[in-house]
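Single-structure report; data block below.
Number of protein chains: 2
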Amino acid sequence: MRLSRYLLPLLKENPSEAQIVSHRLMLRTGMIRQEAAGIYAWLPLGLRVLRKIEKIVHEEMQRAGAVELLMPTLQLADLWRESGRYDDYGQEMLRIKDRHEREMLYGPTNEEMITEIFRGTVKSYKDLPMNLYHIQWKFRDEQRPRFGVMRGREFLMKDAYSFDIDEASARKAYNRMFIAYLNTFSRLGLKAVPMRADTGPIGGDLSHEFIILAETGESAVFCHKDLVDMPAPGADVDWDDLQGLVDQRTSLYAATEEMHDEAAFNAVPADKQLSARGIEVGHIFYFGEKYSAPMGAKVSGADGSQVNVHMGSYGVGVSRLIGGIIEASHDEAGIIWPESVTPFDVALVNLRVGDEACDAACEKAYKALKAAGRDVLYHDTDDRPGAKFASMDLIGIPWQLIIGPKGIAEGQVEIKHRATGERHTAAFDAVLEQLTKAK
Amino acid sequence: MRLSRYLLPLLKENPSEAQIVSHRLMLRTGMIRQEAAGIYAWLPLGLRVLRKIEKIVHEEMQRAGAVELLMPTLQLADLWRESGRYDDYGQEMLRIKDRHEREMLYGPTNEEMITEIFRGTVKSYKDLPMNLYHIQWKFRDEQRPRFGVMRGREFLMKDAYSFDIDEASARKAYNRMFIAYLNTFSRLGLKAVPMRADTGPIGGDLSHEFIILAETGESAVFCHKDLVDMPAPGADVDWDDLQGLVDQRTSLYAATEEMHDEAAFNAVPADKQLSARGIEVGHIFYFGEKYSAPMGAKVSGADGSQVNVHMGSYGVGVSRLIGGIIEASHDEAGIIWPESVTPFDVALVNLRVGDEACDAACEKAYKALKAAGRDVLYHDTDDRPGAKFASMDLIGIPWQLIIGPKGIAEGQVEIKHRATGERHTAAFDAVLEQLTKAK
Numbered sequence: 005m006r007l008s009r010y011l012l013p014l015l016k017e018n019p020s021e022a023q024i025v026s027h028r029l030m031l032r033t034g035m036i037r038q039e040a041a042g043i044y045a046w047l048p049l050g051l052r053v054l055r056k057i058e059k060i061v062h063e064e065m066q067r068a069g070a071v072e073l074l075m076p077t078l079q080l081a082d083l084w085r086e087s088g089r090y091d092d093y094g095q096e097m098l099r100i101k102d103r104h105e106r107e108m109l110y111g112p113t114n115e116e117m118i119t120e121i122f123r124g125t126v127k128s129y130k131d132l133p134m135n136l137y138h139i140q141w142k143f144r145d146e147q148r149p150r151f152g153v154m155r156g157r158e159f160l161m162k163d164a165y166s167f168d169i170d171e172a173s174a175r176k177a178y179n180r181m182f183i184a185y186l187n188t189f190s191r192l193g194l195k196a197v198p199m200r201a202d203t204g205p206i207g208g209d210l211s212h213e214f215i216i217l218a219e220t221g222e223s224a225v226f227c228h229k230d231l232v233d234m235p236a237p238g239a240d241v242d243w244d245d246l247q248g249l250v251d252q253r254t255s256l257y258a259a260t261e262e263m264h265d266e267a268a269f270n271a272v273p274a275d276k277q278l279s280a281r282g283i284e285v286g287h288i289f290y291f292g293e294k295y296s297a298p299m300g301a302k303v304s305g306a307d308g309s310q311v312n313v314h315m316g317s318y319g320v321g322v323s324r325l326i327g328g329i330i331e332a333s334h335d336e337a338g339i340i341w342p343e344s345v346t347p348f349d350v351a352l353v354n355l356r357v358g359d360e361a362c363d364a365a366c367e368k369a370y371k372a373l374k375a376a377g378r379d380v381l382y383h384d385t386d387d388r389p390g391a392k393f394a395s396m397d398l399i400g401i402p403w404q405l406i407i408g409p410k411g412i413a414e415g416q417v418e419i420k421h422r423a424t425g426e427r428h429t430a431a432f433d434a435v436l437e438q439l440t441k442a443k
Numbered sequence: 005m006r007l008s009r010y011l012l013p014l015l016k017e018n019p020s021e022a023q024i025v026s027h028r029l030m031l032r033t034g035m036i037r038q039e040a041a042g043i044y045a046w047l048p049l050g051l052r053v054l055r056k057i058e059k060i061v062h063e064e065m066q067r068a069g070a071v072e073l074l075m076p077t078l079q080l081a082d083l084w085r086e087s088g089r090y091d092d093y094g095q096e097m098l099r100i101k102d103r104h105e106r107e108m109l110y111g112p113t114n115e116e117m118i119t120e121i122f123r124g125t126v127k128s129y130k131d132l133p134m135n136l137y138h139i140q141w142k143f144r145d146e147q148r149p150r151f152g153v154m155r156g157r158e159f160l161m162k163d164a165y166s167f168d169i170d171e172a173s174a175r176k177a178y179n180r181m182f183i184a185y186l187n188t189f190s191r192l193g194l195k196a197v198p199m200r201a202d203t204g205p206i207g208g209d210l211s212h213e214f215i216i217l218a219e220t221g222e223s224a225v226f227c228h229k230d231l232v233d234m235p236a237p238g239a240d241v242d243w244d245d246l247q248g249l250v251d252q253r254t255s256l257y258a259a260t261e262e263m264h265d266e267a268a269f270n271a272v273p274a275d276k277q278l279s280a281r282g283i284e285v286g287h288i289f290y291f292g293e294k295y296s297a298p299m300g301a302k303v304s305g306a307d308g309s310q311v312n313v314h315m316g317s318y319g320v321g322v323s324r325l326i327g328g329i330i331e332a333s334h335d336e337a338g339i340i341w342p343e344s345v346t347p348f349d350v351a352l353v354n355l356r357v358g359d360e361a362c363d364a365a366c367e368k369a370y371k372a373l374k375a376a377g378r379d380v381l382y383h384d385t386d387d388r389p390g391a392k393f394a395s396m397d398l399i400g401i402p403w404q405l406i407i408g409p410k411g412i413a414e415g416q417v418e419i420k421h422r423a424t425g426e427r428h429t430a431a432f433d434a435v436l437e438q439l440t441k442a443k
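The listed protein sequences correspond, in order, to chains A and B. Those letters in the first sequence? Residues 5 to 443, per my numbering, in order. Those letters in the second sequence? Residues 5 to 443, per my numbering, in order.
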């Protein structure tokens, strides 16, 4: 992408409304633009990150056996009356009347609708286990939306729903999502700790939140230190028997404030007790028959009897994750993107646009990088070099390839690694080879 | 994908509420499920087609120089008061109040919001031309939603918006979208004819609808026959000068009912006069300063003066396209997917699940096809062969690879081409080689 043909409205000053660093940096880098309280447009740079996160979430969901569908944003109020949640949900639910005065709502979550889809389409235990998920915009009418995409009103969520014939099988489904979440967050460059959590308006008796630690976190969390650096299991696991991997983690103390047990926490060795603040990026629930029983989601069992299915639901805050990643990965100069979600792989900086040799070298690099499948942002405007360096540091692309008139006369270019700040000068061809080689 | 792990709820009977063939087939094949009047959930099979269409639309937009962003579904009423459309739009606009009684709406289109984004971020003629687009859910509260996704209420639209310094440049932007649309629809397997069209609530003085001809079309259309089979220009054109390609088409008579000129139509040679019914799949507009003037979207010109930008907008009905494609491509037995948008490339039919040789051959084929990047639906349930054939014909995957116990004992399998109905028996290895070779 040529910057001259792109929309990248950088802000020089820190916007006064942004209280936390991720909100500040997302506004300063022109990733988002507020269109109403808690409602954002995703400008091109921000959208590229959102799409990369979505792709990783899709891959890990499908690896764990989940099947993608897509439910609409608007739902009928009557559907929520079946579960009893229409009246319970309170003011966070955005209630709408259409032209015929039918009561509708903008979905804050989809337990009712997926249960309706399931009961209308699946009839036999032979079709189980089943896990259906989508990535769709949700709306929660927060009293005070704040912190940018971290607590917005219109937000993008991945929500998966598992259906099983009994509790034992449902717990296996829960374990698959538990491990898939660890792998997902790890690929996003995050250290997410699973913690016993309150089930809130979703309900049920078993629930974990996946929490990343950050000073700006919204809630207090307590956990055994070893959980923070425990590596994710990866894809090469036995997906039919994950209990050992789950137990390895749940046997160590970890709880959110609502579920905190001071006595149990004090039993953790003192040097392993970690009391911190955290950001929730995922939340999983097992709630058995809470929706299937009142809504009549049954299948025929092996003996021919009709059985209520056992369900769980599994959410990832896709848009809020961007805030979480930035909170975890930035410095004084701006964002430092993990390679897995960076909006561009390489920033190509032309230090003297209009100089024949510079332009030719940049065009050559641009074409070669694109041909190798790299996403390149080519800084081809006539800004001063200092401004170009500052803006490329600000938006945090992992590698900067810097081409200036003096260097290129000798076949030399500069390469800068954003995370470490290391810069070195090298032969143009060698740098191109390094940046285009298969990952 | 193994059918035993998939959600594919086929209907044996024609649903009584479906009046047109595409609606009927989308329900029968379990592509969609109605959740409220004009509001559908996209079940896994339908979503795969939607995603393939989106991908083609993205590629052709970006080839024509458009940059992707993503605007939210909900908008502030005050934004629409700036253009004067809030009161004009009528009952098709879904009006919403949030918990603080702020007036909002579910966007039916985005001219106001993109103009607000533009005026807040772009300041100079040097940043033009610019074309920004997104693919996002829209809502239009139709009085009588019908025909499935063809006239739904919550629907997926691609909308692009061009910004130029003057009318001459804006007409070039219009031409780029004109040609991009021809290429897009052609890749989707559709013959779409550009026709002079009414501008309706969007406004402006130049507009074309892209119409596919179908008996079930919603409106009467009139055109020169040569336009129907005129091939799309393709990607290899001079994107800076497309006037000749556009003129070649607009010089022939083509108009929707609202713009129909009987006298001009009668001037077309009698054997070239085509009067038919059509389905609108795209609509493009040039409307100059209609939004930029009242909303103050200006840039500084080369002489330093402040100039209102000239705008156009360009819509493609992404979800309704699926209905259009099915209307254009089906037979008595079901859907016939064009290869570019088919939900799966190959249906792998195991005629005797449980037979060791059949299962082994199917597993081998399944792995080989997946390794070659083919999307495969493996029919691995214990349905009777007749039911399997009928359901695979119904869902319309282009190629069926049929493996049965008699054939495989002799190393033979059957391959069926859905569009022509041709079946032939051949050596297993040769068929696998054919289906896995690079496209």
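For every residue, glycine included, the Cβ atom is placed at its ideal position computed from N, Cα and C.
Could you check if residue i is buried or exposed, using at least 16 other CB atoms within 10 Å of its CB as the buried criterion?
i: Glu105 of chain B; result: exposed
i: Lys294 of chain B; result: buried
i: Asp233 of chain B; result: exposed
i: Ser20 of chain B; result: exposed
i: Asn114 of chain B; result: buried
i: Gln404 of chain B; result: buried
i: Glu213 of chain A; result: buried
i: Asn18 of chain B; result: exposed
i: Thr119 of chain A; result: buried
Could you check whether residue j and residue i sit closer than 9 Å to each other, using their CB atoms as the reference points?
i: Ala164 of chain B; j: Gly319 of chain B; result: yes
i: Gly207 of chain A; j: Ala280 of chain A; result: no
i: Val303 of chain A; j: Leu132 of chain A; result: yes
i: Phe159 of chain B; j: Trp141 of chain B; result: yes
i: Glu86 of chain B; j: Pro298 of chain B; result: yes
i: Phe167 of chain A; j: Asn135 of chain A; result: yes
i: Ile283 of chain B; j: Ile216 of chain B; result: yes
i: Ala413 of chain B; j: Ala372 of chain B; result: no
i: Ile57 of chain B; j: Val350 of chain B; result: no
i: Ser190 of chain A; j: Ala236 of chain A; result: yes
i: Arg422 of chain A; j: Pro402 of chain A; result: yes
Helix, strand or coil for residue i, going by three-state DSSP, please let me know.
i: Glu146 of chain B; result: coil
i: Lys130 of chain A; result: helix
i: Met65 of chain B; result: helix
i: Leu160 of chain A; result: strand
i: Trp243 of chain A; result: coil
i: Phe444 of chain A; result: As shown, chain A starts at 5 and ends at 443. That puts residue 444 of chain A outside it, with no answer to give.
i: Ile329 of chain B; result: helix
i: Asp275 of chain A; result: helix
i: Leu305 of chain B; result: Checking the sequence shown, residue 305 of chain B turns out to be Gly, not Leu. Here Gly305 of chain B sits in coil by DSSP.
i: Ser296 of chain B; result: helix
i: Ser255 of chain A; result: coil
i: Glu116 of chain B; result: helix
i: Gly377 of chain B; result: coil
Are the segment 200-210 of chain A and the segment 271-283 of chain A in contact at 8 Å, needing three or more beta carbon pairs? The segment 200-210 of chain A is not in contact with the segment 271-283 of chain A.
Contact between the segment 64-78 of chain A and the segment 340-350 of chain A (3+ Cβ pairs under 8 Å): no
Mind listing, in chain order, the continuous beta strand (DSSP E) runs of no fewer than 3 residues lying wholly within the segment 173-232 of chain B? 196-200, 210-217 and 223-228
Across the segment 56-74 of chain A and the segment 91-105 of chain A, are there enough close Cβ pairs to call them in contact, namely three or more that are closer than 8 Å? Three or more Cβ pairs closer than 8 Å define a contact, and the segment 56-74 of chain A falls short of that threshold against the segment 91-105 of chain A.
Which whole runs of the alpha helix (DSSP H) in the segment 413-440 of chain B are 4 residues long or more, in chain order? Scanning the segment 413-440 of chain B for uninterrupted alpha helix (DSSP H) segments of 4 residues or longer gives 432-440, listed from N- to C-terminal end.
Counting pairs of beta carbons, one from the segment 383-391 of chain A and one from the segment 9-27 of chain B, are three or more of them closer than 8 Å? no
Hey, which unbroken runs of the beta strand (DSSP E) at 3 residues or more fall wholly within the segment 26-60 of chain B? 36-40 and 43-46
At least three beta-carbon pairs within less than 8 Å, the segment 346-360 of chain A to the segment 328-338 of chain A: no
Below 8 Å, can you find three or more Cβ-Cβ pairs linking the segment 301-317 of chain A to the segment 237-249 of chain A? With a cut-off of 8 Å on Cβ pairs, the segment 301-317 of chain A is not in contact with the segment 237-249 of chain A, counting fewer than three such pairs.
My parser needs the beta strand (DSSP E) runs of 3 or more residues fully inside the segment 350-375 of chain B; what are they? 350-354
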